[in-house]
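Keeping their order, the protein sequence lines are chains A and B.
Quick note on the numbering used here: the first sequence kicks off at 835 and runs consecutively.
Quick note on the numbering used here: the second sequence kicks off at -11 and runs consecutively.
What follows is a short report on a single structure.
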Amino acid sequence: MKSKLLAAIWLLALMSAIGVAAAPPRTNRSTEPVVRNSAEAETMRLEGEKRFRANCGRCHTAPQKFPPRMMATIIRHMRVRATITDEDMRLVFFYMTQ
Amino acid sequence: MSCRRRSSERPRAGTLIPRSRKVLFFLFFLSAAQLLAQTTESDRTVPILTGTAGYFNFVTAGQNQLDAQINPVVLLPLGDRWLVESRAEFEGAFQRPPDGGTYGGMVSKNLDYAQVDYIANTFVTVTVGRFLTPFGIFNERLYPVWIRSLQQDPLILPLSAQSSDGMMLRGGFSVNTRLNLNYAAYVSTISTAHNNLQSNRDAGGRMGVFLPGPRIEFGASWQKLLQDQRTNLFGLHFAWQPTWLPLNLHFEYARSYQGSGYWVDGAYRFSEVVFWQKTMRHLEFAARAEQFFNGQISPDEAEALGLPGANTREGEFGLNYYLHDGLKLVGSYGRQFSYAGNFNLWTAGIAYRFAVPLGRVAQ
């Protein structure tokens, strides 16, 4: 009974995940910062690296760079888990997807 | 003298009264289903199956324990502001009987969290469901085996409940460029019907200050049990990552009627060593010192909660070798001192972090 309940919860979560994955991707307005030129991009990248080291490095070593769609999910997860700020989230996302 | 049990095997504190677990999980999945209808507009996020896996040998007072575990995490982003996330823990701990024979033991299953997060605005994220109790920093942030620098649980970890079922408000925001604040406040309901989904009726919170310049974080936690003895639990935490040294320092203190104690640990990465750089930059030295003081409960009650039965001191140090960022070999030695007896703690193993997209990742 206990195992069935746990299995059912996980099955439901996985089915939901696959269902959402089947949807066509749209533009992410919430995470991706607006960049106007290459100088601004470089500034943001440097600032993003700084924020990455300050926030993420407090708990774990630097992970590899994931594809942007994965990174967008991971950064949202980390925003909740590590209570990082909105601005830090955007800059770290920018740095990790360059 | 027994092997220290990992948290998933520890019973919860306090007497539990049967109540609304079914309602809670019904609400959780109802929310997920409703969100699914509106979120298939999931922008450029993609659901992910991630998590950790590990295999360890824990030798405690000469007794070997084989520990194999996998902790899958499902991340399901919905729309721009929602996230459904869940982590389960499957852990097999096998020991040889005292009189010899083959290894045997149980495989424990535990649902650490299954929560729906709504990022309401810059300041507030609303979380509903089963979540990791935000007390101190270890339980929420440092628990996964690929993150923790030493694999033994801190002695004071069982003082706070590991998971709670209820609702939480949390967030982090900048006050100015030199100061960030973060907080979490929650209420939890009693859940007893399922061994792997238990929680206590309590309320609590955590407040933290982060100084991005010197990379210092400090804060305090509080938890009030709203059942049985209605006791309080207080905690302090501190983290520092110096900018001039590849060093990570963490500290936690907790105090309740069940006991009190602290742990402090540091992890130094040999990335700046000038010799054997190819090898040394993958190597990390970790050390921890900790102490536990008995509270107002009997030694038997303490051990039933996973706490030491007597005042205890412990020191531990070890080496981690990162084969790559998500895969590391670990080895450590520690010694525990208490009136109940002194003994050695040896750990050797491997920890792995995986992440797999559950959908297309191409732009």
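Every residue, glycine too, gets a C-beta built ideally from N, C-alpha and C.
Computed from a predicted structure; not experimentally measured.
For residue i, tell me which candidate among the options has the shortest Cα-Cα distance.
{"i": "Cys890 (chain A)", "options": "B:Pro200, B:Gly322 and B:Asn183", "result": "B:Pro200"}
{"i": "Phe46 (chain B)", "options": "B:Gly283, B:Ala56 and B:Ala292", "result": "B:Ala56"}
{"i": "Pro230 (chain B)", "options": "B:Ala76, B:Gly247 and B:Arg257", "result": "B:Arg257"}
{"i": "Ser259 (chain B)", "options": "B:Tyr309, B:Gly67 and B:Asn52", "result": "B:Tyr309"}
{"i": "Ile285 (chain B)", "options": "B:Leu315, B:Tyr245 and B:Phe161", "result": "B:Tyr245"}
{"i": "Asn183 (chain B)", "options": "B:Ser96, B:Thr113 and B:Gly89", "result": "B:Ser96"}
{"i": "Pro122 (chain B)", "options": "B:Ser74, B:Gly93, B:His225 and B:Phe111", "result": "B:His225"}
{"i": "Gly39 (chain B)", "options": "B:Ile58, B:Asn52 and B:Gln186", "result": "B:Ile58"}
{"i": "Gly154 (chain B)", "options": "B:Leu185, B:Val175, B:Asn52 and B:Leu120", "result": "B:Val175"}
{"i": "Glu921 (chain A)", "options": "B:Met94, B:Glu128 and B:Asn109", "result": "B:Asn109"}
{"i": "Val61 (chain B)", "options": "B:Ala76, B:Gly92 and B:Asn52", "result": "B:Ala76"}
{"i": "Leu235 (chain B)", "options": "B:Gln211, B:Arg269 and B:Asn220", "result": "B:Arg269"}
{"i": "Thr113 (chain B)", "options": "B:Asn170, B:Thr33 and B:Leu99", "result": "B:Asn170"}
{"i": "Ser363 (chain B)", "options": "B:Lys316, B:Leu346, B:Arg166 and B:Asn98", "result": "For chain B, the structure presents residues -11 to 351; residue 363 (chain B) sits outside this window and is missing."}
{"i": "Phe281 (chain B)", "options": "B:Tyr327, B:Thr115, B:Phe119 and B:Lys266", "result": "B:Tyr327"}
According to DSSP, is residue i part of a helix, a strand, or is it coil?
{"i": "Ile204 (chain B)", "result": "strand"}
{"i": "Lys266 (chain B)", "result": "helix"}
{"i": "His911 (chain A)", "result": "helix"}
{"i": "Gly891 (chain A)", "result": "helix"}
{"i": "Asp55 (chain B)", "result": "strand"}
{"i": "Pro352 (chain B)", "result": "The requested residue 352 (chain B) is not part of the displayed model; chain B covers only -11 to 351."}
{"i": "Lys97 (chain B)", "result": "strand"}
{"i": "Thr877 (chain A)", "result": "helix"}
{"i": "Leu185 (chain B)", "result": "helix"}
{"i": "Leu307 (chain B)", "result": "strand"}
{"i": "Val11 (chain B)", "result": "Its pLDDT being 48, under 50, Val11 (chain B) is placed unreliably in this model, and the value from its coordinates should be taken loosely. DSSP places Val11 (chain B) in helix when its eight states are reduced to three."}
{"i": "Leu147 (chain B)", "result": "helix"}
{"i": "Lys899 (chain A)", "result": "coil"}
{"i": "Asp87 (chain B)", "result": "coil"}
{"i": "Tyr929 (chain A)", "result": "helix"}
{"i": "Leu214 (chain B)", "result": "coil"}
{"i": "Asn220 (chain B)", "result": "strand"}
{"i": "Gly67 (chain B)", "result": "coil"}
{"i": "Leu138 (chain B)", "result": "coil"}
{"i": "Phe886 (chain A)", "result": "helix"}
{"i": "Asn127 (chain B)", "result": "helix"}
{"i": "Phe17 (chain B)", "result": "Residue placement at Phe17 (chain B) cannot be trusted, given a pLDDT of 48 that sits under 50; the coordinates are not used to answer."}
{"i": "Ala227 (chain B)", "result": "strand"}
{"i": "Ala191 (chain B)", "result": "strand"}
Should residue i and residue j be called a contact, given that it needs their Cβ atoms to be closer than 8 angstroms?
{"i": "Trp228 (chain B)", "j": "Ile204 (chain B)", "result": "yes"}
{"i": "Tyr106 (chain B)", "j": "Ser151 (chain B)", "result": "no"}
{"i": "Phe331 (chain B)", "j": "Ser320 (chain B)", "result": "no"}
{"i": "Ile338 (chain B)", "j": "Gly42 (chain B)", "result": "yes"}
{"i": "His894 (chain A)", "j": "Ile135 (chain B)", "result": "yes"}
{"i": "Leu54 (chain B)", "j": "Phe82 (chain B)", "result": "yes"}
{"i": "Ala149 (chain B)", "j": "Arg158 (chain B)", "result": "no"}
{"i": "Glu240 (chain B)", "j": "Pro86 (chain B)", "result": "no"}
{"i": "Thr917 (chain A)", "j": "Gly160 (chain B)", "result": "yes"}
{"i": "Arg341 (chain B)", "j": "Gly314 (chain B)", "result": "yes"}
{"i": "Ser209 (chain B)", "j": "Gly192 (chain B)", "result": "yes"}
{"i": "Leu925 (chain A)", "j": "Glu874 (chain A)", "result": "no"}
{"i": "Glu278 (chain B)", "j": "Trp251 (chain B)", "result": "yes"}
{"i": "Phe44 (chain B)", "j": "Gln139 (chain B)", "result": "yes"}
{"i": "Glu73 (chain B)", "j": "Leu66 (chain B)", "result": "no"}
{"i": "Thr300 (chain B)", "j": "Phe325 (chain B)", "result": "yes"}
{"i": "Pro132 (chain B)", "j": "Leu293 (chain B)", "result": "no"}
{"i": "Asn168 (chain B)", "j": "Thr919 (chain A)", "result": "yes"}
{"i": "Gly80 (chain B)", "j": "Ile144 (chain B)", "result": "no"}
So, at 6 angstroms on beta carbons, what are the nonlocal neighbours of residue i in its own chain, with the 5 sequence-adjacent residues on each side left out?
{"i": "Pro902 (chain A)", "result": "Thr931"}
{"i": "Gly117 (chain B)", "result": "Phe16, Ala102, Gln103 and Val104"}
{"i": "Leu237 (chain B)", "result": "Trp228 and Gly254"}
{"i": "Val344 (chain B)", "result": "Leu37"}
{"i": "Gly283 (chain B)", "result": "Tyr245, Gln246 and Gly247"}
{"i": "Arg243 (chain B)", "result": "Phe222"}
{"i": "Asn220 (chain B)", "result": "Lys212"}
Would you check whether the ligand GDP has a heavy atom nearer than 7 angstroms to the C-beta of residue i?
{"i": "Leu157 (chain B)", "result": "No copy of the ligand GDP occurs in the structure displayed, which carries no ligand at all."}
Among residues of its own chain, excluding the 5 on either side of residue i, which ones have a beta-carbon nearer than 7 angstroms to its beta-carbon?
{"i": "Val914 (chain A)", "result": "none"}
{"i": "Trp334 (chain B)", "result": "Val47 and Tyr321"}
{"i": "Leu18 (chain B)", "result": "In this prediction, Leu18 (chain B) has a pLDDT of 46, which is less than 50 and means its spatial position is unreliable; what the coordinates show is noted afterwards. So the list is empty, once near-sequence residues are dropped."}
{"i": "Ala888 (chain A)", "result": "none"}
{"i": "Leu214 (chain B)", "result": "Arg189, Asp190 and Ala191"}
{"i": "Phe111 (chain B)", "result": "Gly159 and Phe161"}
{"i": "Met905 (chain A)", "result": "Phe927, Met930 and Thr931"}
Please list, in chain order, all residues of the same chain as residue i whose beta carbon is under 8 angstroms from its beta carbon, the five residues on each side excluded.
{"i": "Leu307 (chain B)", "result": "Leu271, Glu272, Phe273, Ala274, Val318, Gly319 and Ser320"}
{"i": "Ala90 (chain B)", "result": "Strictly speaking, residue 90 (chain B) in this sequence is Thr, with Ala absent from that position. If we look at Thr90 (chain B) and ignore the five residues flanking it on each side, its Cβ neighbours are Arg84."}
{"i": "Phe206 (chain B)", "result": "Gly196, Val197, Leu224, His225, Phe226 and Ala227"}
Can you round the beta-carbon distance between residue i and residue j to whole angstroms, since I take them to be within the 8 angstroms contact cut?
{"i": "Ile36 (chain B)", "j": "Ile909 (chain A)", "result": "So it is not a contact: roughly 11 angstroms between Cβ atoms."}
{"i": "Gly303 (chain B)", "j": "Arg323 (chain B)", "result": "6 angstroms"}
Chain D partners of residue i, CB-CB under 7 angstroms?
{"i": "Gln932 (chain A)", "result": "Protein chains in the displayed structure are A and B, and chain D is not among them."}
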